[in-house]
């Protein structure tokens, strides 16, 4: 019978904890860097949040962007951005929020359609008013915060509070760096991106919980093992699973990024980043943090266990001695 | 491990069977599905607007404008009532609308003072004129009329319902199939038009208030070039034909579009498109009276504050029907006829969000989604067989059943599949095998610890289960937030994920366990091929 391959050899003894300090530094730099980028460069908000109009139009021949820009600029409807979208004959036109409000925005769309005429195909037209834009921004923010705290509450409920806090920190780390990536690359940040960020949160915590579960299990099993060693043991025994699951999920997201088309490209790229960062944060942030947060309690338990073991050792000869007498 | 109770077995097989039955209509051509016996479900997953093409429009009712126009109406109405009272009741200062209320001060024209008798006489008149508002009259004759909080809520409710009704009529008249028109929040209406080809035209038709009135032209004021206080100056809709650009008409509305029962686009003199209309019996009688009294004068047909036409009344028109001839094209005449038939909107509407996707982009998205889905499945299936051999095959069978169950659940719930929803499906497939990876890795560990085939398998399932539940539940929580906040396509994504989490838990834990136990019982292996 076919003997399946073992991707990760059994009984690895990688000392993950050895790398945790440089990893912390790296994570802090990434999070701070993301914040700096957010406050200086900001995000390239899509029309979902910024308001305005996005139109995807297509024609038979490759598009002459300069000529199209000249044609649309003469309409005097603000600063128009043009970019080819996937193919050279496919263009995404974006125009900003019109000063005259929603009515003016609708008129601007009509003007563009009148100017371009029938030889273009209108594949997609999206307009978002300023009010809707800011509402969407607000609900996206609240959903993200709500999701993070709900996850923290659950992890707290199922484990100890330190686990909950760590899971929250790891989630925060993943979400902030994902947003930072969007700021760095200038990729459009829209509703779908927020969905991706929340999905990343779900994936990352899923990953974290698997290892936390193992740590809890090992804590019951190896009562006297030092925490550092115990965490290493838990990480090593789940390493094969971590590798395979991340790998398979990454494969399916890659399929999405390569074949899923332009419309959800941003989402796919965010997810690829999310799977990588989610796996990293589980191993290098959420788990090693336990070392610090949990130190007191675990030490206490360990010491108590050690004391107990020592006491039993002491007591045992005593009993024997008594029996002997 | 080996033993599966009859009940458990029945439940597992039952769920799979139900999943297959409910997903089946999606997998066969529609005409074949129609021929199936009636007890079988026939609903399929409905495709979101982003996949089948169509328009999603979010309208906002301009409530501030609505209240303002109601107050303006009340001002006119109060002025008329007080003037026409016997004897007339005076006022100083006159009624004005400001800060959401109508205010004026009563005054007896003879005594130049205010007494209780005057107030008592004015009260019912004011109450009637300011319909729906609360009217308070102070002892010094100061009148305030405004909407109470409750009345305002009721008014908004009523206006939204009316607007939805009118929009529905208008859309139905255009022949658009299966529109969805629902209220959202306090002052918004969502209109979804699947498969619509020309959204601009429909938007134009929905967006017109289409408030039509018949008002007399004030000939003397026109001659004098100076409107009276009872007049209003209105622009002419199409002034290019050498006609007047502005017309002075009397404020008093003789008839409104509400009295119309029918309107059709026809041709006058065989070439010029016009709109012919027909009044109901009350409208016909009024129209007859007005035209009989005003032969030789002109009346104006006003649409949304613009004069469309101002013909001279040649004869009394007693039949209750007539013709509006503006400078129409066939299209604009038939649009106007449609609007008159469907009635006026009770308030102005503005598009505050629009998402229109062409049918071909939708088809491209479906194709891209299908391709990504298939490739992801192939990659995962191959990887699982390479990594876990026979048990990988079990996991793969569970994975396919999982896809069937997701499809069945989506059909059963009547959920909408969106493009991000397809992405959710791809993602779910990747994560669905996680449970099997967890179990099988655990089994390997137990084998390394020297357990026999069956006990290792048993321990693997037992130990991994708690982890799988925790991992799925936290993921589920995050996804619920996504569902709660998401709109349209994102909601579709969240629904697919939520269903996927539930079904994958079922297939990857229970279904693989069933297959494994059957295999173990048949072969009784000493060592697991793992």
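Residue numbers (this note's numbering), protein chains in the order written: chain S, 62 to 386; chain Y, 929 to 1458. C-beta: ideal position from N, C-alpha, C; glycine also.
When the options are compared against residue i, the one with the closest alpha-carbon
i, options, result
"residue 988 of chain Y", "Y:1458, Y:1422, Y:1281 and Y:1318", "Y:1281"
"residue 973 of chain Y", "Y:967, Y:985 and Y:956", "Y:956"
"residue 238 of chain S", "S:68, S:92 and S:347", "S:92"
"residue 984 of chain Y", "Y:1117, Y:1014 and Y:1103", "Y:1117"
"residue 166 of chain S", "S:183, S:303 and S:138", "S:138"
"residue 1069 of chain Y", "Y:1051, Y:1060 and Y:1085", "Y:1051"
"residue 1435 of chain Y", "Y:1360, Y:1216, Y:1229 and Y:1406", "Y:1360"
"residue 161 of chain S", "S:113, S:200, S:126 and S:201", "S:113"
"residue 1115 of chain Y", "Y:1124, Y:1136 and Y:1092", "Y:1092"
"residue 1124 of chain Y", "Y:1178, Y:1283 and Y:1190", "Y:1283"
"residue 1429 of chain Y", "Y:1363, Y:1391, Y:1449 and Y:1386", "Y:1363"
"residue 1232 of chain Y", "Y:1271, Y:1216 and Y:1195", "Y:1271"
"residue 331 of chain S", "S:75, S:264 and S:194", "S:264"
"residue 1074 of chain Y", "Y:1055, Y:1204 and Y:1085", "Y:1055"
"residue 158 of chain S", "S:152, S:149 and S:168", "S:168"
"residue 1189 of chain Y", "Y:1148, Y:1248, Y:934 and Y:1143", "Y:1248"
"residue 65 of chain S", "Y:1139, Y:975, Y:1320 and Y:1333", "Y:1320"
Buried or exposed by the 16-neighbour rule on C-beta atoms within 10 Å, applied to residue i
i, result
"residue 1330 of chain Y", "buried"
"residue 1433 of chain Y", "buried"
"residue 386 of chain S", "With a pLDDT of 36 at residue 386 of chain S, under the threshold of 50, the predicted position of this residue should be treated as unreliable, and no value is reported."
"residue 206 of chain S", "exposed"
"residue 269 of chain S", "buried"
"residue 1163 of chain Y", "exposed"
"residue 378 of chain S", "For residue 378 of chain S, the predicted structure reports a pLDDT of 49, less than 50, and the residue's modelled location is therefore unreliable. The matter cannot be settled from this model."
"residue 1000 of chain Y", "exposed"
"residue 1059 of chain Y", "exposed"
"residue 1405 of chain Y", "buried"
Contacts around residue i, its chain only, beta-carbon distance under 7 Å, and the 5 residues preceding and following it disregarded
i, result
"residue 360 of chain S", "With a pLDDT of 46 at residue 360 of chain S, under the threshold of 50, the predicted position of this residue should be treated as unreliable, though the coordinate-derived value follows. No residues qualify anywhere along the chain."
"residue 204 of chain S", "259"
"residue 1199 of chain Y", "none"
"residue 134 of chain S", "141"
Three-state class that DSSP yields for residue i in the structure shown
i, result
"residue 975 of chain Y", "strand"
"residue 983 of chain Y", "strand"
"residue 1014 of chain Y", "coil"
"residue 1275 of chain Y", "coil"
"residue 361 of chain S", "Note on residue 361 of chain S: pLDDT 46, under 50, position unreliable in the model; the coordinate value appears next. Three-state result, residue 361 of chain S: helix."
"residue 1061 of chain Y", "coil"
"residue 1283 of chain Y", "strand"
"residue 1165 of chain Y", "coil"
"residue 1019 of chain Y", "strand"
"residue 1329 of chain Y", "helix"
"residue 74 of chain S", "coil"
"residue 934 of chain Y", "helix"
"residue 251 of chain S", "coil"
"residue 1249 of chain Y", "strand"
Inter-residue Cα distance where the pair is residue i and residue j
i, j, result
"residue 318 of chain S", "residue 326 of chain S", "6 Å"
"residue 357 of chain S", "residue 1381 of chain Y", "Reliability fails at residue 357 of chain S, whose pLDDT of 45 lies under 50, so the model's placement of it is uncertain and the value that follows must be treated cautiously. The straight-line gap from Cα to Cα measures roughly 41 Å."
"residue 1327 of chain Y", "residue 1357 of chain Y", "7 Å"
"residue 1122 of chain Y", "residue 1129 of chain Y", "15 Å"
"residue 1259 of chain Y", "residue 941 of chain Y", "60 Å"
"residue 1087 of chain Y", "residue 1274 of chain Y", "6 Å"
"residue 267 of chain S", "residue 129 of chain S", "48 Å"
"residue 1044 of chain Y", "residue 1062 of chain Y", "19 Å"
"residue 1322 of chain Y", "residue 1392 of chain Y", "17 Å"
"residue 1335 of chain Y", "residue 131 of chain S", "48 Å"
8 Å CB neighbourhood of residue i in its chain, flanking five on each side removed
i, result
"residue 179 of chain S", "none"
"residue 251 of chain S", "106, 107, 108, 109, 110 and 327"
"residue 304 of chain S", "68 and 69"
"residue 311 of chain S", "333, 336 and 337"
"residue 1237 of chain Y", "1228, 1229, 1252, 1253 and 1254"
"residue 1020 of chain Y", "1033 and 1035"
6 Å Cβ shell around residue i - same chain, five flanking residues per side excluded
i, result
"residue 1003 of chain Y", "1023, 1025 and 1030"
"residue 185 of chain S", "117"
"residue 257 of chain S", "328, 331 and 332"
"residue 953 of chain Y", "961, 970 and 972"
"residue 346 of chain S", "88, 231 and 234"
Any non-hydrogen atom of the ligand COA closer than 8 Å to residue i Cβ
i, result
"residue 1445 of chain Y", "Within the structure as shown, the ligand COA is missing, as the structure has no ligands at all."
Under 7 Å by beta carbon: chain B residues contacting residue i
i, result
"residue 1128 of chain Y", "Protein chains S and Y are contained in the structure displayed, whereas chain B is not."
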